[in-house]
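**Student:** Chains as they are written, first to last, in the working numbering: chain Y, 24 to 410; chain C, 24 to 410.
Just so it is clear, CB atoms sit at the ideal spot from N, CA and C, and this is done for glycine as well.
All values reported here derive from a predicted model rather than from experimental measurement.
For reference, the structure I am asking about is given below.
Number of protein chains: 2
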Amino acid sequence: MVTMRDVAELAGVSVATVSRVLSGARQVNGELAERVRDAQEQLGYRTNLLASGLRRQRTDTVGMVVPQVGNPYFSALMEAVGRRLQRVGKTVLLVDAEDDPAAEADGIHRLLDRSIDGLLAVPVDERASSAALTEAAAHVHLVQLDRAAAGVPADLVAVDHRAGIRAVVDHLVGLERRELAFVSAGPRDSTARERAKAFDEAVAATGCTAQPSRLGAYTVEWGRAAATALVDGGRLPAAVVCGNDLIALGVLAVLVEAGVQVPERVAVTGYDDIGFATLTRPTLTTVRQPIDELAAAAVGRLLHASSAEPAVPAVATDAPDPAVLAGVASPVDAAGAVDAAGAVDAADVPVAAQDAPTVQRFAPALIVRDSTPVGGPVAQRGDEVSL
Amino acid sequence: MVTMRDVAELAGVSVATVSRVLSGARQVNGELAERVRDAQEQLGYRTNLLASGLRRQRTDTVGMVVPQVGNPYFSALMEAVGRRLQRVGKTVLLVDAEDDPAAEADGIHRLLDRSIDGLLAVPVDERASSAALTEAAAHVHLVQLDRAAAGVPADLVAVDHRAGIRAVVDHLVGLERRELAFVSAGPRDSTARERAKAFDEAVAATGCTAQPSRLGAYTVEWGRAAATALVDGGRLPAAVVCGNDLIALGVLAVLVEAGVQVPERVAVTGYDDIGFATLTRPTLTTVRQPIDELAAAAVGRLLHASSAEPAVPAVATDAPDPAVLAGVASPVDAAGAVDAAGAVDAADVPVAAQDAPTVQRFAPALIVRDSTPVGGPVAQRGDEVSL
DNA sequence: CTGTTAGCGCTTTCAA
DNA sequence: TTGAAAGCGCTAACAG
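Here it is in structure tokens:
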């Protein structure tokens with residue numbers, strides 16, 4: 024291994040000078056600097072980040088944990104985050120939680136043990152992920168992305184799922200589809216809980232009817248299983264509202280295989296707008312999450328993290344619900360704050376204490392495609408309705 | 024930050040003893056050990072891997088670079104590799120090359136700078152990736168997975184693409200589809216080149232005809248573009264053979280949208296068998312790569328990496344081509360070896376010099392679904408044909 | 001502006 | 001067996 028010492032000797036200077044030249048921290052005599060750089064080049068020297076990190080007590084490295092690398096929504100999030108962090112010279116260490124809180128906790132610890140400067144987390148489970156994340160928050164800057172775990176004293180950047188689901192239901196009801204079925208993931212994570220709650224509220228608000236919700240997992244398999252039950256049960260709804268696109272794709276496949284006309288007999292909607300949503304026949308009406316904005320906001324908060332004032336995001340400012348809401352009360356109430364976020368009137372919320380967790384919500388957009396019928400007052404096919 | 028020193032003081036022993044207890048390296052008095060463990064528990068001490076790694080000169084960490092985290096084939100590979108490494112106590116650091124050799128080189132350096140013990144790479148570009156990988160190979164154990172870069176002195180674990188493509192063409196020709204079109208990625212990476220070559224060979228061998236190959240990228244967009252050209256050109260082939268499933272999904276979508284009957288008028292095949300291949304209408308006939316076996320073999324080689332004898336893989340031993348081939352000659356010839364691998368008779372290859380790169384090929388399987396018509400001698404719909 | 005020196009937190013000789 | 005001490009490669013005080 025070639026060390027800084029080797030470079031120093033070859034350049035005929037002290038290691039301190041080498042360090043200064045390479046880090047650009049201090050002014051160094053031009054000629055010396057050149058000698059150092061030559062020597063570095065010649066030896067192919069690269070600084071050892073273990074040593075550097077140990078000494079500096081920072082590594083310019085941030086960790087990111089996602090529930091499932093195989094879910095296209097998360098891989099899109101990973102890509103967006105990665106690009107942004109690279110741009111500012113940070114390295115991202117990715118960890119796959121394999122949809123398992125234990126594996127997630129493990130991964131988080133592995134990251135912490137490597138002295139990351141910050142952590143971006145999409146918690147697997149609203150409760151089971153809390154312990155590991157709370158501990159993590161005690162050691163590094165932590166920002167929750169997309170989902171929140173209960174009681175974790177860390178900011179959350181996510182979209183306004185209530186608005187997203189409400190837009191879907193409004194769209195369907197506008198098309199006179201008034202008997203709905205909701206197929207989603209069980210209330211294990213915060214998005215599933217929020218979407219389920221939002222669905223119930225939307226049903227109540229619009230006065231349509233809904234079959235008992237079918238809650239499983241955010242997977243194609245669950246979508247297939249639920250749709251099979253729907254078809255076999257013989258009580259087809261006028262529309263199936265799905266908690267995410269994977270479920271919707273599973274539902275769609277089963278319905279089409281069973282010869283059910285989509286959207287004529289049954290409409291189907293998804294959530295996330297993953298790339299594959301345009302590849303099915305019919306294509307999938309869904310809710311698009313502004314991934315780049317989410318990534319930018321999360322990274323911004325992470326890098327901050329002292330200019331903690333919840334700046335208004337560059338986009339999505341004209342949402343019906345305030346796009347930015349200060350979190351309420353104490354850290355332990357964070358989950359409650361998340362839960363209530365959509366319901367709180369921003370004007371009533373005092374500027375929170377400096378370090379209280381903040382929730383930043385972005386507005387999603389309804390993307391109307393072929394899996395919902397044409398017509399109706401809310402949106403035409405092909406429309407992209409910003410909320 | 025709580026250090027080993029804190030634990031030592033609380034336990035009333037020296038740091039050396041703490042280190043010994045925690046690493047389990049040496050025998051330590053039972054009572055002292057217990058005191059140490061209590062202290063650790065009480066303080067929530069975790070060993071600092073920066074310091075430990077710096078001292079030990081190993082980190083029990085391996086890096087993995089993939090061309091695109093968003094490609095489901097690669098995320099499946101990442102998952103399989105991650106699970107296997109976790110099982111043996113290694114941590115994986117994932118890096119996304121963003122399909123860009125420069126970003127890839129950057130990512131590789133970032134990993135090397137962090138003193139990883141080994142690197143698993145799926146090179147983006149057969150030539151442009153060589154420099155960074157060759158350099159990496161000089162510092163850490165390197166294993167190439169799925170793809171190889173030219174001249175890199177490192178083992179390769181991949182599938183026998185020649186056999187895979189040949190099976191597809193045989194299948195189609197067996198169904199009397201004798202006018203083919205090949206849509207794939209340009210010969211930037213080794214798999215694209217191998218598949219293109221295999222296609223040409225298969226066409227020649229079976230005596231069917233083929234339109235000029237349409238080579239772009241391994242993306243849905245390219246599949247769409249190529250299919251649009253095909254439809255607009257008016258010269259529809261009897262079957263479109265695609266270089267991977269993403270392309271095939273794009274082709275399928277465009278054909279179906281254009282009202283072309285699939286598979287009646289045009290059959291379509293993919294490659295990889297990503298999960299989404301079963302979600303389209305019709306479902307996609309494709310070639311499945313044995314991901315778990317690939318991951319196991321690659322990880323095995325990485326961990327090895329001294330028991331370097333090319334052990335016969337547990338599965339896929341009955342492939343028509345030998346599943347395991349020793350690499351030939353010098354490291355600089357590695358690319359040639361890869362290229363010729365399928366064509367070399369294993370019996371002729373002497374046991375290679377201890378450290379010559381080795382190519383380990385696994386047999387893929389043809390998965391017959393609805394995008395190719397029924398009948399024919401080779402495979403029935405629903406079949407899974409091991410090669 | 002440059003060099004010397006003292007660690008960062010840990011593992012591992014080397015003595016005791 | 002245990003402890004003292006050296007040192008992994010680097011950066012940051014502190015002198016000069």
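Counting only the same chain and skipping the five closest in sequence on each side, list residues whose C-beta sits under 7 Å from that of A160(Y).
**Tutor:** Contacts found: V175, P176, A177.
**Student:** By how many angstroms is the C-alpha of D295(Y) removed from the C-alpha of S330(Y)?
**Tutor:** With a pLDDT of 35 at S330(Y), under the threshold of 50, the modelled position of that residue is not reliable, and the figure given next carries that caveat. If you take the alpha carbons of S330(Y) and D295(Y), they lie about 30 Å apart.
**Student:** Counting only beta-carbon atoms, is N71(C) nearer than 8 Å to chain Y?
**Tutor:** Yes, because at least one Cβ of chain Y sits closer than 8 Å to the Cβ of N71(C).
**Student:** So, for E202(C): in the same chain, excluding its five sequence neighbours on each side, which residues have a beta-carbon less than 6 Å away from its beta-carbon?
**Tutor:** Around E202(C): T232, P260, A261.
**Student:** Tell me the start and end of each unbroken alpha helix (DSSP H) in the segment 40-89 of chain C that is at least 4 residues and wholly inside, in chain order.
**Tutor:** If we require 4 residues or more, the alpha helix (DSSP H) runs fully inside the segment 40-89 of chain C come out as 53-66, 72-79.
**Student:** Can you list the residues of chain Y that S138(C) reaches, using a CB-CB cut of under 8 Å?
**Tutor:** Per Cβ cutoff of 8 Å: N71, L72, L73.
**Student:** Measuring only between beta-carbons, confirm whether R49(Y) sits less than 8 Å from chain C.
**Tutor:** Taking Cβ atoms only, chain C never reaches closer than 8 Å to R49(Y), which makes this a no.
**Student:** Which stretch, first to last residue, makes up the alpha helix (DSSP H) that contains V226(Y)?
**Tutor:** 213-229 is the span of the alpha helix (DSSP H), which, as asked, contains V226(Y).
**Student:** Residues of chain C with CB closer than 8 Å to the CB of P95(Y), please, in chain order.
**Tutor:** Neighbours of P95(Y) on chain C, chain order: G93, P95.
**Student:** How many Å lie between I139(C) and I131(Y) at the Cα?
**Tutor:** Approximately 18 Å between the Cα atoms of the pair.
**Student:** In terms of DSSP beta bridges, what is S207(Y) paired with?
**Tutor:** Partner(s): L238(Y).
**Student:** Between the segment 271-301 of chain Y and chain C, which residues of the former have CB atoms less than 9 Å from a CB of the latter, in chain order?
**Tutor:** Listed in sequence order: L272, G273, L275, A276, V279, E280, G298, F299, T301.
**Student:** Determine the direct distance from the alpha carbon of T40(C) to that of A126(Y), and round the result to whole angstroms.
**Tutor:** Going from the Cα of A126(Y) to the Cα of T40(C) covers about 30 Å.
**Student:** What does the alpha-carbon distance come out to for the pair L302(C) and R392(Y)?
**Tutor:** Straight-line Cα distance between these residues: approximately 17 Å.
**Student:** If distances are taken between C-alpha atoms only, which option among E121(C), R288(C), V310(C) comes closest to E199(C)?
**Tutor:** With distances taken between Cα atoms, E199(C) lies closest to R288(C).
**Student:** Could you check which residue in S409(Y), V277(Y), G105(Y) has the C-alpha nearest to that of Q91(C)?
**Tutor:** Closest by alpha carbon: G105(Y).
**Student:** Starting from F299(C) and walking both ways along the beta strand (DSSP E), at which residues does that stretch end?
**Tutor:** It is not in any beta strand (DSSP E) - F299(C) carries neither H nor E in the DSSP assignment.
**Student:** For the segment 98-117 of chain Y, which residues have a beta carbon sitting closer than 9 Å to at least one beta carbon of chain C?
**Tutor:** Per Cβ criterion, the list reads S98, A99, M101, E102, G105, R106, Q109, T114, V115, L116, L117.
**Student:** Rounded to the nearest angstrom, what separates A31(C) and S37(C) at their Cα positions?
**Tutor:** Rounded to the nearest angstrom, the two C-alpha atoms are 5 Å apart.
**Student:** Below 8 Å on C-beta distance, what does R133(Y) contact in chain C?
**Tutor:** Chain C residues near R133(Y): T114.
**Student:** Mind checking whether D136(Y) and L317(Y) have CB atoms under 8 Å apart?
**Tutor:** No; because the gap between Cβ atoms is not below 8 Å, this pair is not in contact.
**Student:** Classify T26(Y) as helix, strand or coil using the three-state DSSP reduction.
**Tutor:** Here T26(Y) sits in coil by DSSP.
**Student:** Which class does L198(C) belong to by DSSP, given the choice of helix, strand or coil?
**Tutor:** Coil at L198(C), not helix or strand.
**Student:** Classify G398(Y): buried if its beta carbon has 16 or more other beta carbons within 10 angstroms, exposed otherwise.
**Tutor:** Exposed.
**Student:** Return the residue from the list V291(C), V264(C), D193(C) that minimises the CA-CA distance to L275(C).
**Tutor:** It is V291(C) whose Cα lies nearest to the Cα of L275(C).
**Student:** So, with DSSP's three-state summary, where would you put E127(C)?
**Tutor:** E127(C) falls in the helix class under three-state DSSP.
**Student:** Rounding to the nearest angstrom, what Cα-Cα distance links Q312(C) and L143(C) in this structure?
**Tutor:** So the alpha carbons of these two residues sit roughly 18 Å apart.
**Student:** Tell me the rounded alpha-carbon separation between L134(Y) and N52(Y).
**Tutor:** Answer to the nearest angstrom: the Cα atoms are 39 Å apart.
**Student:** Tell whether a beta-carbon distance below 8 Å holds between G257(C) and A215(C).
**Tutor:** No, these two residues do not count as a Cβ contact at 8 Å.
**Student:** Mind pulling the chain Y residues with CB within less than 7 Å of G76(C)?
**Tutor:** Near G76(C) (Cβ distances below 7 Å), the residues of chain Y are L73.
**Student:** Would you say R304(C) reaches chain Y, if we count a Cβ-Cβ gap shorter than 8 Å as a contact?
**Tutor:** Yes, its Cβ sits closer than 8 Å to a Cβ of chain Y.
**Student:** Is the distance from the Cβ of L325(Y) to the Cβ of G141(Y) below 8 Å?
**Tutor:** Taking 8 Å as the Cβ cut-off, L325(Y) and G141(Y) qualify as a contacting pair.
**Student:** Taking just the CA atoms, how far does V85(Y) sit from D183(Y)?
**Tutor:** Roughly 26 Å separates the two Cα atoms.
**Student:** Taking 8 Å as the CB-CB limit, is V243(Y) close to chain C?
**Tutor:** Chain C, which has a Cβ nearer than 8 Å to the Cβ of V243(Y), makes this yes.
**Student:** Are the beta-carbon atoms of L66(C) and T82(C) separated by less than 8 Å?
**Tutor:** No; because the gap between Cβ atoms is not below 8 Å, this pair is not in contact.
**Student:** Looking at R150(C): is its Cβ nearer than 8 Å to the Cβ of A173(C)?
**Tutor:** The answer is yes: Cβ separation under 8 Å.
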